[in-house]
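K.L.:
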Ligand SMILES: Nc1ncnc2c1ncn2[C@@H]1O[C@H](COP(=O)(O)OP(=O)(O)OP(=O)(O)O)[C@@H](O)[C@H]1O
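Numbering (my numbering), first residue to last: 1 to 390.
(1) Can you list, in chain order, the residues of its chain with a C-beta nearer than 6 Å to that of residue 75? Leave out the 5 residues immediately preceding and following it.
(2) Where does residue 176 land, buried or exposed, given buried means 16+ other C-beta within 10 angstroms?
(3) With a threshold of 7 Å (Cβ to nearest heavy atom), would residue 46 be considered close to ligand 1?
(4) Have a look at the DSSP bridge pairing and note the partners of residue 64.
(5) Pop quiz: residue 137 and residue 178 are said to be a contact at Cβ under 8 Å. What is the actual Cβ separation, rounded to whole angstroms?
(6) Output the distance between the C-alpha atoms of residue 263 and residue 303, rounded to the nearest integer angstrom.
(7) Could you name each continuous beta strand (DSSP E) segment of 3 residues or more that falls completely within the segment 141-193, going from the start of the chain to the end?
(8) Confirm, please, whether the CB-CB distance from residue 42 to residue 119 is below 8 Å.
(9) Determine, using beta-carbon pairs with one atom in the segment 157-164 and one in the segment 204-223, whether at least three such pairs fall under 8 Å.
(10) DSSP three-state call for residue 263: helix, strand or coil?
(11) For the beta strand (DSSP E) containing residue 211, name the first residue and the last one.
(12) Name, in chain order, the residues that DSSP records as bridge partners for residue 258.
(13) Identify whether residue 274 lies in helix, strand or coil by the three-state DSSP scheme.
(14) Applying the criterion that 16 or more other CB atoms from any shown protein chain within 10 Å of the CB defines a buried residue, is residue 294 buried or exposed?
(15) On a Cα-Cα basis, can you pick out the residue from 196, 234, 203, 205 that is closest to residue 211?
(16) From residue 275 to residue 25, what distance separates their C-alpha atoms?
(17) Decide if residue 130 is buried, meaning its Cβ has at least 16 other Cβ atoms within 10 Å, or exposed.
(18) When DSSP labels each residue in this structure, what does residue 227 get in the three-state scheme?
(19) With contact counted as at least three CB pairs below 8 Å, one residue from each stretch, are the segment 233-250 and the segment 139-152 in contact?
(20) Nearest CA to the CA of residue 297: which residue from 268, 104, 128?
(21) Apart from the five residues just before and just after residue 286, which ones in its own chain have a Cβ nearer than 7 Å to its Cβ?
(22) Let me know the secondary structure DSSP gives residue 295 once reduced to three states.
(23) What does a CB cutoff of less than 7 Å around residue 391 pick up in its chain, not counting 5 residues either side in sequence?
(24) Does at least one heavy atom of ligand 1 sit under 7 Å from the Cβ of residue 173?
(25) Report the CB separation of residue 196 from residue 168 in whole angstroms; it is logged as a contact under 8 Å.
(26) Got a sec: does ligand 1 put a non-hydrogen atom nearer than 7 Å to the Cβ of residue 78?
(27) Between residue 194 and ligand 1, is the CB less than 7 Å from at least one heavy atom?
(28) Can you list, in chain order, the residues of its chain whose CB lies under 8 Å from that of residue 257, leaving out five sequence neighbours each side?
(29) Return helix, strand or coil for residue 307, following the three-state DSSP convention.
(30) Does the beta-carbon distance from residue 28 to residue 70 come in below 8 Å?
(31) Kindly indicate the opening and closing residues of the beta strand (DSSP E) around residue 221.
(32) Once DSSP output is grouped into helix, strand and coil, what is the label at residue 205?
(33) Suppose you measure from the CA of residue 46 to the CA of residue 328; what does that come to, to the nearest Å?
(34) Can you tell me the Cα-Cα spacing of residue 198 and residue 31, whole angstroms?
(35) Shorter than 7 Å, the distance from the beta carbon of residue 190 to the closest heavy atom of ligand 1, or not?
(36) Any heavy atom of ligand 1 closer than 7 Å to the beta-carbon of residue 119?
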């Protein structure tokens, strides 16, 4: 796989910051190329009624392709400079791998200034729009469905982490990146931030990107990226699925606002059952639900090496391996650190954050990482200064 050998900026297209289509096409392999005309026809000229969503990348439309397949057609917006790099990463990472719990890329369109991704259409939106904070959704997630969703996501991640070579770290596991098909099978999507981890290195140092609330502290603060960062994010998501709530909710009483802190507190008081979603109306296996919450805690422990691998998580979730309750240590939280720095108003719950000035792949770093964005805890914009040697 040739994911990160893209060339940018040799010949620019008239659109500022967008590389020439020929340059881009030379870095895209084994992917079906759609013409803009075909995608225009498929979406009836991208009419608003066919628009099914909008993300950081641009708008997503539903459309019928020439071969009759229904597709989700993601159009990179003209303003999205960051998106061009993510566009190529997404194509090169996802096009070469297939798994039941990963979204399927049908192909893409690179024509003049148009950059479009074409996916398998998934009928039931994302976990963020349905189970977690999706008040408009009419899907009921009973306990069995939640188990299936958790295990499916875990299997998809185990595949990326342990079966694909080189291993892939997704870097943005969160509720809005888990899409659901008609049977509520979960599909991990959005590989625009994914990184390959060569087998001979322990971690890569990288610009920090991801979503506040799901970011492992060692990665958020020091830029150290390993598979354990995804495992941390998965742990947060697992607790969200069992509790049916978002990781941060400032409308709740202060002591309940941060889900991981709350989970740890209830775990210590042996009252984890109090966290399980009341929408289940008591119709769940208490022991199993508490076990899932404990696995969430195992995955979010402060020390990355204590977090289990995803294949171990799959075994624990499916009852093929016992978990040692006595071994769970306190979750790593960046909220304490953020409390010192957070200022401003309350906006949207999920925000992608990016740090600048962090060297990539360097052995000796003097990093000054500027993090900025919005959380439900407030808009933040702060600088962390640190020195480290690996
Ligand atoms: N394959 C798909 N099938 C059906 N709907 C999809 C598909 N892909 C995306 N969508 C819809 O489009 C919305 C936007 O998706 P997109 O991946 O662009 O952004 P996001 O993940 O929600 O946000 P961000 O870009 O900030 O991470 C999704 O929430 C979902 O409703």
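Don't be surprised by glycine CBs; every beta carbon is placed ideally from N, CA and C.
Predicted model, so just to flag it, every value in this text is computed and none were measured.
P.N.:
Reading it off the structure:
(1) Numbered from 1 along the chain shown, position 75 holds the residue referred to as residue 75. Cβ within range, chain order: 58, 59, 116.
(2) Here residue 176 refers to the residue found at position 176 when the chain shown is read from its first residue. Buried.
(3) Stepping through the chain shown from its first residue, residue 46 is reached at position 46. Checking the 7 Å criterion, the Cβ of residue 46 is out of range of every heavy atom belonging to ligand 1.
(4) Position 64 of the chain shown, counted from the first residue, corresponds to residue 64. Looking at the DSSP output, residue 64 shares a beta bridge with 70.
(5) For the purposes of this step, residue 137 is identified with residue 137 of the chain shown, where counting begins at 1. For the purposes of this step, residue 178 is identified with residue 178 of the chain shown, where counting begins at 1. Actually they are not in contact, since the Cβ atoms of residue 137 and residue 178 sit about 14 Å apart, beyond 8 Å.
(6) Within the chain shown, the letter at position 263 stands for residue 263. Within the chain shown, the letter at position 303 stands for residue 303. Roughly 17 Å separates the two Cα atoms.
(7) 167-169, 178-180, 186-188
(8) In the chain shown, counting from the first residue as 1, residue 119 sits at position 119. In the chain shown, counting from the first residue as 1, residue 42 sits at position 42. No, the Cβ-Cβ distance between residue 119 and residue 42 is not below 8 Å.
(9) no
(10) As a position in the chain shown, residue 263 is number 263, starting the count at 1. Of the three classes helix, strand and coil, the one that applies to residue 263 here is helix, per DSSP.
(11) Here the question's residue 211 lines up with position 211 in the chain shown. Residue 211 -> beta strand (DSSP E) spans 209-211.
(12) Taking the first residue of the chain shown as 1, we reach residue 258 at position 258. In the DSSP output, where bridge partners are listed per residue, residue 258 has 248.
(13) Stepping through the chain shown from its first residue, residue 274 is reached at position 274. DSSP places residue 274 in helix when its eight states are reduced to three.
(14) Translated into positions along the chain shown, residue 294 becomes position 294. Burial call: buried.
(15) Residue numbering aside, residue 211 sits at position 211 when the chain shown is read from its first letter. It is 234.
(16) Locating residue 275 in the chain shown gives position 275, where the first residue counts as 1. Locating residue 25 in the chain shown gives position 25, where the first residue counts as 1. Near 49 Å, if we compare the C-alpha coordinates of residue 25 and residue 275.
(17) As a position in the chain shown, residue 130 is number 130, starting the count at 1. Residue burial is scored here from C-beta neighbours: residue 130 has at least 16 other C-beta atoms within 10 angstroms and is therefore classed as buried.
(18) As a position in the chain shown, residue 227 is number 227, starting the count at 1. Here residue 227 sits in helix by DSSP.
(19) Contact between the segment 233-250 and the segment 139-152 is established, with three or more Cβ pairs separated by less than 8 Å.
(20) Sequence index remark: in the chain shown, residue 297 carries index 297 (1-based). Looking at 268, 104, 128, the one whose alpha-carbon comes closest to that of residue 297 is 268.
(21) Indexing the chain shown from 1 puts residue 286 at position 286. Result list for residue 286: 273, in chain order.
(22) Counted from its first residue, the chain shown places residue 295 at position 295. Helix at residue 295.
(23) This structure cannot speak to residue 391, because the chain is shown only from 1 to 390.
(24) Numbered from its first residue, the chain shown carries residue 173 at position 173. No, ligand 1 has no heavy atom inside 7 Å of this Cβ.
(25) Walking along the chain shown from the start, residue 196 turns up at place 196. Walking along the chain shown from the start, residue 168 turns up at place 168. Indeed they touch by this definition, with Cβ atoms about 6 Å apart.
(26) For the purposes of this step, residue 78 is taken as the residue at position 78 of the chain shown. No heavy atom of ligand 1 is found nearer than 7 Å to the CB of residue 78.
(27) Taking the first residue of the chain shown as 1, we reach residue 194 at position 194. No, the beta carbon of residue 194 sits no closer than 7 Å to any heavy atom of ligand 1.
(28) Locating residue 257 in the chain shown gives position 257, counting from the first residue. Answer for residue 257: 248, 249, 250, 377, listed in chain order.
(29) The residue you call residue 307 lines up with position 307 of the chain shown. Residue state, collapsed to three classes: coil.
(30) Reading the chain shown from its first residue, position 28 is the one you call residue 28. Reading the chain shown from its first residue, position 70 is the one you call residue 70. The answer is no: Cβ separation not under 8 Å.
(31) Residue numbering aside, residue 221 sits at position 221 when the chain shown is read from its first letter. Element bounds for residue 221: not the beta strand (DSSP E) but the alpha helix (DSSP H), 217-222.
(32) To locate residue 205, count along the chain shown from 1; it is residue 205. Three-state DSSP puts residue 205 in a strand.
(33) On the chain shown, position 46 is the one that residue 46 refers to. On the chain shown, position 328 is the one that residue 328 refers to. Approximately 50 Å, taken between the alpha carbons.
(34) Stepping through the chain shown from its first residue, residue 198 is reached at position 198. Stepping through the chain shown from its first residue, residue 31 is reached at position 31. Cα to Cα, residue 198 sits roughly 23 Å from residue 31.
(35) Residue mapping note: residue 190 aligns to position 190 of the chain shown, counting from 1. Correct: residue 190 has its Cβ closer than 7 Å to ligand 1.
(36) Within the chain shown, the letter at position 119 stands for residue 119. At least one heavy atom of ligand 1 is nearer than 7 Å to the Cβ of residue 119, so yes.
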